[in-house]
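*Asks:* Going from the sequence shown to the working numbering is simple: count from 1 and add 20. All residues carry an ideal CB built from backbone N, CA and C; glycine is no exception. Owing to the predicted nature of the structure, the values given are computational and were not obtained by experimental measurement.
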Amino acid sequence: LQAPVLEMNLRGLLVNKRRKAKVIAEMQGKLRRLEEQLDALIREGIGVPNLNWRSPKQLKELLYDVMKLPVQKKRNANGIYAPTTDEKALEKLSQYFIAEPICNHLLALRSLGKSLGFLSTNIDSDGRMRTQFNIAGTVTGRFASAVTDFGTGTNLQNVTESLRSIFVADPGMKFCNLDLEQGDSRNVGALCWNYLVEEFGEAFAGA
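1. Rounded to a whole number of angstroms, what is the C-alpha to C-alpha distance between residue 144 and residue 25?
2. Starting from residue 90, follow the alpha helix (DSSP H) in both directions and report where the run begins and ends.
3. Fully enclosed by the region 120-161, which beta strand (DSSP E) runs are 3 residues long or longer?
4. Tell me the residue span of the alpha helix (DSSP H) that contains residue 35.
5. Looking at residue 166 and residue 152, is the spacing between their C-beta atoms short of 7 Å?
6. Quickly, what does DSSP pair residue 166 with across the bridge? List them, please.
7. According to the neighbour-count rule (16 or more other Cβ atoms, all chains shown, within 10 Å of its Cβ), is residue 35 buried or exposed?
8. Does DSSP put residue 94 in a helix, a strand or coil?
9. Could you tell me the alpha carbon to alpha carbon distance between residue 22 and residue 70, rounded to whole angstroms?
10. Work out the CA separation of residue 154 and residue 117 for me, nearest whole Å.
11. Using alpha carbons as the reference points, say which of 99, 97, 106 lies closest to residue 91.
12. For the beta strand (DSSP E) that residue 109 lies in, which residues bound it at each end?
13. Would you mind stating whether residue 186 and residue 39 have Cβ atoms separated by less than 7 Å?
14. Any contact between the region 95-109 and the region 78-85? By contact I mean 3 or more CB pairs, one from each, below 8 Å.
15. Can you give me the C-alpha to C-alpha distance between residue 78 and residue 113, rounded to a whole angstrom?
16. If you follow the alpha helix (DSSP H) that residue 101 is part of, which residue opens it and which one closes it?
17. Cα separation between residue 157 and residue 134?
18. Could you tell me if residue 122 is buried or exposed, where buried requires 16 or more neighbouring beta carbons within 10 angstroms of its beta carbon?
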């Protein structure tokens, strides 16, 4: 795999800069609207002004001290279970009626933040975004990818559908999607069927 992976690393993906700027502007607009809505919810509904939703400390105070919601904990870097406001915690807390609109806004804001972070990734001078594929990156045999050795690019393996529109195919080339729905499950089913027919013969096939 070294040769094709090296070629992918070197080639990268061509970025449509105009489309990229448009998507960034649209997402920034959505981010501002969500921030205004969240600020109104917290200020008028709970009476807490000027909350910084990016601050884990302020979110913990709001959710656990002010709203008295069940404290969600997670093991920290020191191996100690401590209060958290990560994605899983917000998803659990959103099940509570009084917390649902606030948690949903926070989750949406964080998702938009990640998308904007991806769109802000440095691209190379030739207008292409590259990644550094690691052939032995995971124990399962899948690739891993990250920033290139030159400090540009990012992980290009998990690009959401809403962000793929910034990439365009090279002249004379086209993109295609080769991911089959339920492909793995169907393959396993076919293998099991062939094995059972071979093992038990026509009696099983006729049944």
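*Replies:* So, from the data block:
1. Near 18 Å, if we compare the C-alpha coordinates of residue 25 and residue 144.
2. No alpha helix (DSSP H) holds residue 90; DSSP gives it neither H nor E.
3. 152-154
4. Run containing residue 35: none in the alpha helix (DSSP H); it sits in the beta strand (DSSP E), 33-35.
5. The beta carbons of residue 152 and residue 166 sit closer together than 7 Å.
6. 152
7. buried
8. strand
9. 52 Å
10. 44 Å
11. 106
12. First-last for residue 109: 107-113, but that is the alpha helix (DSSP H), not the beta strand (DSSP E).
13. yes
14. yes
15. 16 Å
16. Here residue 101 belongs to no alpha helix (DSSP H); instead the beta strand (DSSP E) covers 101-103.
17. 22 Å
18. Counting Cβ neighbours within 10 Å, residue 122 comes out buried, since at least 16 surround it.
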